[in-house]
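Peer 1:
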Amino acid sequence: MSAVVSRVAGWFRLIAMAEAVSWVGLLIGMYFKYVGTPRTEVGVHIFGMVHGVVFLAFLATGLVVGRAARWSLVTWVSAALASIVPLASVVFLRWAERSGALAVEARAAEGEPEPSAVA
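Taking UniProt numbering, the leading residue of the sequence shown gets 1, the next gets one more, and so forth.
1) Give a yes or no on contact between the segment 84 to 104 and the segment 12 to 20, applying the rule of three or more CB pairs nearer than 8 Å.
2) When the Cα of residue 127 is compared with those of Val65, Val85 and Val8, which residue comes out closest?
3) Using the three-state DSSP reduction, which class does Trp95 fall into: helix, strand or coil?
4) If you follow the alpha helix (DSSP H) that Ser72 is part of, which residue opens it and which one closes it?
5) Please report the distance separating the alpha-carbon of Gly29 from that of Val21.
6) Taking Val74 as the reference, give the member of Ala101, Phe55, Glu19 and Thr61 with the closest Cα.
7) Report all residues from its chain with a CB closer than 6 Å to the CB of Glu41; omit the five preceding and five following residues, and keep chain order.
8) Going by alpha carbons, who is nearest to Glu19 out of Trp71, Thr61 and Ala3?
9) Taking only the alpha-carbon atoms, compute the straight-line gap between Leu48 and Leu87 and give it to the nearest angstrom.
10) Would you mind stating whether Ser89 and Met17 have Cβ atoms separated by less than 9 Å?
11) Please report the straight-line C-alpha distance between Arg39 and Val50, rounded to a whole angstrom.
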């Protein structure tokens, strides 16, 4: 089971980076919608949908990883806020990697039961 959780942590890393990239795309699209020349809404339509899907994926994988890693309430709230603030998902990801919040494999190796094993 820890291999599955490890893969989810890897997906969380990938989705956090994709969330930041989609934010940049959406911000560029908004620039061309309101300021740039020529004015166009294409970027907002495309990156708005992409960002929405990636945003939901970030929250979903955050829930799975957070449960497996036994995140505190502060960490949960930080992850949720990081999904809202532009590019903050990268900051949260770097913090989580440095602090060990994504070290799900180590917790499983220490013999702690995984949350899914506790019924």
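All C-beta atoms in this analysis are idealised placements derived from N, C-alpha and C, irrespective of residue type, glycine included.
For clarity, every value in this text was computed on a predicted model and none was experimentally measured.
Peer 2: Once the coordinates are examined:
1) yes
2) Lying before the first or after the last residue shown, residue 127 is absent from the chain, which here runs from 1 to 119.
3) Correct three-state label for Trp95: helix.
4) Where Ser72 is concerned, there is no enclosing alpha helix (DSSP H), given that its DSSP letter is neither H nor E.
5) One Cα belongs to Gly29, the other to Val21, and the distance between them is close to 12 Å.
6) The shortest Cα separation from Val74 among Ala101, Phe55, Glu19 and Thr61 belongs to Ala101.
7) So the qualifying residues of the chain are Lys33.
8) Thr61
9) The displayed chain sequence assigns Gly, not Leu, to residue 48. Looking at the two C-alpha atoms, the distance is approximately 15 Å.
10) yes
11) For Arg39 and Val50, the distance between alpha carbons rounds to 20 Å.
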